[in-house]
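The working numbering numbers the first residue of the sequence shown as 426 and each following residue consecutively. All C-beta atoms, glycine included, are put in the ideal place defined by N, C-alpha and C.
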Amino acid sequence: MKQAEHRDLTVTWAIPCLNEEIAVGDVVKRIRRSCPLGRIVVFDNGSTDRTVEVALAAGAEVRRESRRGKGHVVRRIFRDCDSDIVIMIDGDNTNEVEAWEKLTSPIVSGHADMVMGCRLDQADAGAFRSMHHAGNLVLSAVMRGFFNLPVRDVLTGYRAFSKKMYKSMPVQSGGFEVETEITLKAVEMKWPVEEVQTRYANRPPGSKSKLRTFHDGFIIAFMIFRLLKDSKPFTFFGAISAGMVFGAIAAWNSGSGITASFLTVSALLCGTTGVILNAVSQRAKEVMLIMAMRE
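In C-alpha cells form, the structure reads like this:
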C-alpha cells in the first residue's frame, strides 16, 4: 500500500516518553522521513532529562502528563487525539517506524480496528531481556487460552488504532499493564484485531528500560485475574465452586461433616454468584458495543 491511500485520512503518531533524551530525537526524525504527512506528538510523563527539548528540536509537538505511569499517558493520548488513525510507538527507538503502513493498512481497508506490531520473530539478539521475553511468552499463552486472543505479543507498545476504537476504549490501568488491558478489552468489545511482524532493535547505548520485571509482572498477573473475574465471572466463580465441591467430597470422606457442609453451601453460593454476574457482564458488554457502534 502506498501513502497515497492515506491522503484522505489523518494520522497521528503518539510517543509515550519518560527520560528518553538519547532516543526520542531519532524516533521523531525517522517518522518524519517515513510518514511526512503524519502529526507527531510526544507525550512526556515527567521526564527529568532533556526529552522535551530534544523532541521539540526534532520537530514534534509535546504534551505533558504529570501522573506517572504509561496507563495514564495512554488515556491522555486517547483523549487528546482526534485523527482517523493513531499510531502509538515507544520513544526508545527500538520499533520499526518504517513498517507503519503494515500496521495501518488493515485499518484503512476496514479489516481491523487495532493492529499490533509483533516483535518476537524479528528481534535483534539481546533486544529482549530473558525474563521479559519469557514472561511475555507465558502471558501471551495464558491469554490465548483464557480469552482466545489472536495475538502472540501481548506486551508490544507498537500499535495502530482506528478512531472508532480509541475514542470508545475505557482505559483503567495506570502502568505498563495497559497494553494487556487494551488487548483484552478490544477482544471483549468485538473490535477486529490483527498482528503484523515488525523488527525489534536493541536500545541505543545509554538508554534504559523502565520495565521492572517482577513488579510489573505481578501487576499484569493481578490485572488478568481481575479481568477474568469481571469479563468471565461464570468461569471464574465456577472454577472456585468446583474446587469447593472437591474439597467437600474430601472432607466428607475424611469424616468431617461440618466442613463438608460448609464447603457445599459455599460452592452453591459461588456458583450462583457466577451465574448472576455473568448475566450482568453480558448486559454490560452489549451496552458497550451499542455505544461503540454509535461512534
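Check: Is Arg500 helix, strand or coil by DSSP?
Finding: Arg500: helix per DSSP, three-state reduction.
Next item on the list: Give the DSSP bridge partners of Phe468, in chain order.
Entry: The partner list for Phe468 (beta bridge, DSSP) reads Pro441 and Arg488.
Check: Buried or exposed: where does Met426 fall if 16 or more other Cβ atoms within 10 Å of its Cβ makes it buried?
Finding: Confidence at Met426 is low in this model, with a pLDDT of 43, below 50, so the placement of that residue should be treated as unreliable; the coordinate-derived value is given next. Answer is exposed; the Cβ neighbour count stays below 16.
Next item on the list: Assuming Asp505 contacts Arg488 (C-beta within less than 8 angstroms), just tell me the rounded distance between them.
Entry: Between Arg488 and Asp505 the Cβ distance is about 6 angstroms, and since that is below 8 angstroms, they are a contact.
Check: Of all the options Phe586, Phe571 and Asn573, which has the alpha carbon lying nearest to the alpha carbon of Gly542?
Finding: Shortest Cα-Cα distance from Gly542 to any of Phe586, Phe571 and Asn573 involves Phe586.
Next item on the list: Check whether the Cβ atoms of Val576 and Glu620 sit closer than 7 angstroms, and answer yes or no.
Entry: Cβ distance < 7 angstroms, so Val576 and Glu620 count as in contact.
Check: Taking C-alpha atoms, which residue in Pro629, Glu606 and Trp677 lies nearest to Leu653?
Finding: Ranked by how close their Cα comes to the Cα of Leu653, the residues Pro629, Glu606 and Trp677 have Glu606 in first place.
Next item on the list: Would you grab the beta carbon distance between Ala448 and Ser634 for me? Rounded to a whole angstrom, and I think it's under 8 angstroms.
Entry: Rounded to whole angstroms, the Cβ separation of Ala448 and Ser634 is 11 angstroms, and the two are not in contact under 8 angstroms.
Check: Would you say Gly516 and Ile456 are within 7 angstroms of each other, going by their C-beta atoms?
Finding: No.
Checklist line | Buried or exposed (CB count within 10 angstroms, at least 16 for buried), Val705 | finding: Using a 10 angstroms sphere on the CB of Val705, the tally of other CB atoms stays under 16, which defines it as exposed.
Next item on the list: Output yes or no for whether 7 angstroms exceeds the beta carbon distance between Leu609 and Phe572.
Entry: Yes.
Check: Alpha carbon to alpha carbon, what distance is there between Asn518 and Glu445?
Finding: So the alpha carbons of these two residues sit roughly 9 angstroms apart.
Item checked: Residue from Phe671, Leu443 and Val466 with nearest C-alpha to Arg475 -> For the residues Phe671, Leu443 and Val466, the minimum Cα distance to Arg475 belongs to Leu443.
Next item on the list: Assign Phe615 to buried or exposed, taking buried as 16 or more other Cβ atoms, counted over all protein chains shown, within 10 Å of its Cβ.
Entry: For the record, residue 615 in the displayed sequence is Lys; it is not Phe. When all chains shown are included, Lys615 counts as exposed.
Checklist line | Residues bridged to Ser587 [DSSP beta-bridge criterion] | finding: DSSP output for Ser587 lists Ile510 as bridge partner(s).
Next item on the list: Tell me, please, whether the stretch 463-471 touches the stretch 537-551 by the rule of three or more beta-carbon pairs shorter than 8 angstroms.
Entry: No: fewer than three Cβ pairs fall under 8 angstroms.
Checklist line | Residues near Phe661 in its chain [Cβ-Cβ closer than 6 angstroms; skip 5 each side] | finding: The residues are Leu653 and Lys654.
Check: Sorted by chain position, which residues of the same chain lie with C-beta nearer than 8 angstroms to Glu486's C-beta, five sequence neighbours on each side aside?
Finding: Around Glu486: Arg464, Ile465, Val466 and Val467.
Next item on the list: Using alpha carbons as the reference points, say which of Leu434, Thr435, Gly599 and Asp451 lies closest to Pro629.
Entry: The shortest Cα separation from Pro629 among Leu434, Thr435, Gly599 and Asp451 belongs to Asp451.
Margin query: Buried or exposed, going by whether 16 or more other CB atoms sit within 10 Å of the CB of Gly667?
Written below: In the sequence as displayed, the identity of residue 667 is Ala instead of Gly. Exposed: under 16 other Cβ atoms inside 10 Å.
Check: Can you give the Cα-Cα distance for Glu523 and Thr529, rounded to whole angstroms?
Finding: Glu523 and Thr529: Cα-Cα distance of roughly 12 angstroms.
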